[in-house]
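Sequential numbering of the sequence shown, starting at 0, is according to numbering that gives the first Met the number 0. Every residue, glycine too, gets a C-beta built ideally from N, C-alpha and C.
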Amino acid sequence: MQPIDILTDADFVGERLDKYLQHIFPEFSRAALQKAIEEGAAAVNGKVVSKNYKLRTGDRLVFTPLEVRPPDVVPQNIPLEIVYEDSDLLVVNKPKGMVVHPAPGNFDGTLVNALLYHCGDSLSGINGVLRPGIVHRIDKDTSGLLIVAKNDFSHRLLSEQIAAHSFTREYRAVITGHLKTDSGTVNAPIGRDARDRKKMAVTDKNAKTAVTHYETLEKYVGYAYLRLRLETGRTHQIRVHMAYLGHPLAGDTVYGHPKKRELALCGQCLHAGKIGFLHPRTGAYLEFESPLPDYFTNFQRSLTLENEHTSQN
0 MQPIDILTDA DFVGERLDKY LQHIFPEFSR AALQKAIEEG AAAVNGKVVS KNYKLRTGDR
60 LVFTPLEVRP PDVVPQNIPL EIVYEDSDLL VVNKPKGMVV HPAPGNFDGT LVNALLYHCG
120 DSLSGINGVL RPGIVHRIDK DTSGLLIVAK NDFSHRLLSE QIAAHSFTRE YRAVITGHLK
180 TDSGTVNAPI GRDARDRKKM AVTDKNAKTA VTHYETLEKY VGYAYLRLRL ETGRTHQIRV
240 HMAYLGHPLA GDTVYGHPKK RELALCGQCL HAGKIGFLHP RTGAYLEFES PLPDYFTNFQ
300 RSLTLENEHT SQN
């Protein structure tokens with residue numbers, strides 16, 4: 000098979016090479032990937048490395064995939080809300096409930112399936128066949144804006160901005176309870192939860208720096224509406240940081256314990272509402288905003304009505 004040239008994801012700096020490859024190629028077992036590395040299938044910055052090599056910022060990885068091929072990722076005519084598009088990139092407003100890229104259990108109906116139909120072969124190949132064009136991700140049950148690269152040039156320059164924390168990424172969320180201060184910063188490292196490998200946690204073990212800035216915009220009975228800005232972009236960062244403060248996101252079944260009224264949200268109340276970046280080719284700063292979706296505003300409306308009812312009694 001043809002080697003794949005990968006600019007390593009900034010979120011995985013310090014991670015072992017074999018673990019990183021399993022993140023990129025989840026269809027292969029860790030043991031199979033380790034064997035491939037031992038046989039010389041992976042080179043970092045032009046040099047063959049061992050399976051326990053730890054990734055560094057800016058590492059260029061060339062990996063020859065195993066002969067066992069993943070399932071074909073097929074184009075699907077799934078509607079996309081495209082906020083911006085040119086020959087280098089597009090900005091998509093992802094709906095809640097849509098998975099970003101194929102993975103075991105979700106090989107169709109994803110954003111990537113829709114992008115392949117819309118863009119054809121015009122997607123960067125840096126992240127391989129399962130994640131063409133995907134520069135950064137948001138959770139299945141998070142709605143909002145993300146950027147897709149149409150070529151490797153754009154992908155690399157956008158990834159460098161993410162690594163330098165120069166992206167503007169602003170979210171809106173409803174959390175349970177009220178924070179001690181109406182605005183502030185959470186600076187707490189995030190790594191894999193030692194008790195549950197499917198979750199992330201604030202921890203000092205195998206963790207990476209994670210910084211979230213927050214501001215309370217409105218308070219309800221038992222809830223608060225926040226604006227949050229990411230300085231870093233760790234997996235589940237906002238969800239983990241808010242749970243760490245004792246105020247998980249409304250509807251978050253992984254990091255919180257939703258009340259009955261929150262279950263209609265079908266996941267966390269979190270929306271990626273603003274994104275800003277330098278265009279990789281022109282250098283112009285671009286910024287886009289997405290209005291709050293119906294699931295979010297409907298939940299806010301119910302909380303506002305409760306506020307009004309409480310104040311009248």
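Does the contact criterion of 3 or more C-beta pairs under 8 angstroms hold for the segment 214-232 versus the segment 171-185? yes
Burial state of I161, where buried means 16 or more other Cβ atoms lie within 10 Å: buried
I36 in three-state terms, based on DSSP: helix
Quick check: the Cα distance between S153 and N126, rounded to an integer number of angstroms? In this structure, the straight-line span from the alpha carbon of S153 to that of N126 is close to 13 angstroms.
Buried or exposed: I133, going by 16 or more other Cβ atoms within 10 Å of its Cβ? Looking at its Cβ environment, which holds 16 or more other Cβ atoms inside 10 Å, I133 is buried.
Cβ-Cβ distance between R233 and D10 below 8 angstroms: For R233 and D10, yes; Cβs fall inside 8 angstroms.
Suppose you measure from the CA of L291 to the CA of L304; what does that come to, to the nearest Å? 18 angstroms
Rounded to the nearest angstrom, what separates K53 and I36 at their Cα positions? 13 angstroms
Just checking G250 against the ligand ADP - is the residue's beta carbon closer than 7 angstroms to any of the ligand's heavy atoms? In the structure shown, the ligand ADP is absent, as is every other ligand, since no ligand is present at all.
Which runs of the alpha helix (DSSP H) fall wholly inside the segment 150-178 and span at least 4 residues, in chain order? Here the runs fully enclosed are 151-162.
Spatial neighbours of H117 in its chain, beta-carbon cut-off 7 angstroms, leaving aside the 5 residues before and after: L79
Around the Cβ of N186, are there at least 16 other Cβ atoms within 10 angstroms (buried) or fewer (exposed)? exposed
Look at the Cβ atom of H246, then the Cβ atom of Y170, and state whether they are nearer than 8 angstroms. no
Enclosing beta strand (DSSP E) for H117 [first to last residue]: Not the beta strand (DSSP E): H117 falls in the alpha helix (DSSP H), residues 110-118.
Bridge partner(s) assigned by DSSP for T184: H212
P64 versus A42, L144, G255, A263, residue with shortest Cα-Cα distance: A42
If the criterion is Cβ atoms closer than 8 angstroms, does the pair P2 and F62 meet it? yes
State the DSSP-derived secondary structure class of Y222, mapped to helix, strand or coil. strand
Look up H240 in the DSSP assignment and say whether it is helix, strand or coil. Helix.
Per DSSP, cross-strand counterpart(s) of K95: Beta-bridge pairing links K95 to no other residue.
Distance, Cα to Cα, D138 vs N306? 30 angstroms
For Y284, I'd like the list of residues in its chain whose CB is within less than 6 angstroms of its CB, leaving aside the five on either flank, ordered along the chain. Short of 6 angstroms from the beta carbon of Y284, and not among the five residues preceding or following it, lie these beta carbons of its own chain, in chain order: L277.
Tell me which residues share the same chain as K273 and place their Cβ nearer than 6 angstroms to its Cβ, disregarding the 5 neighbours each side in the sequence. E169, E288
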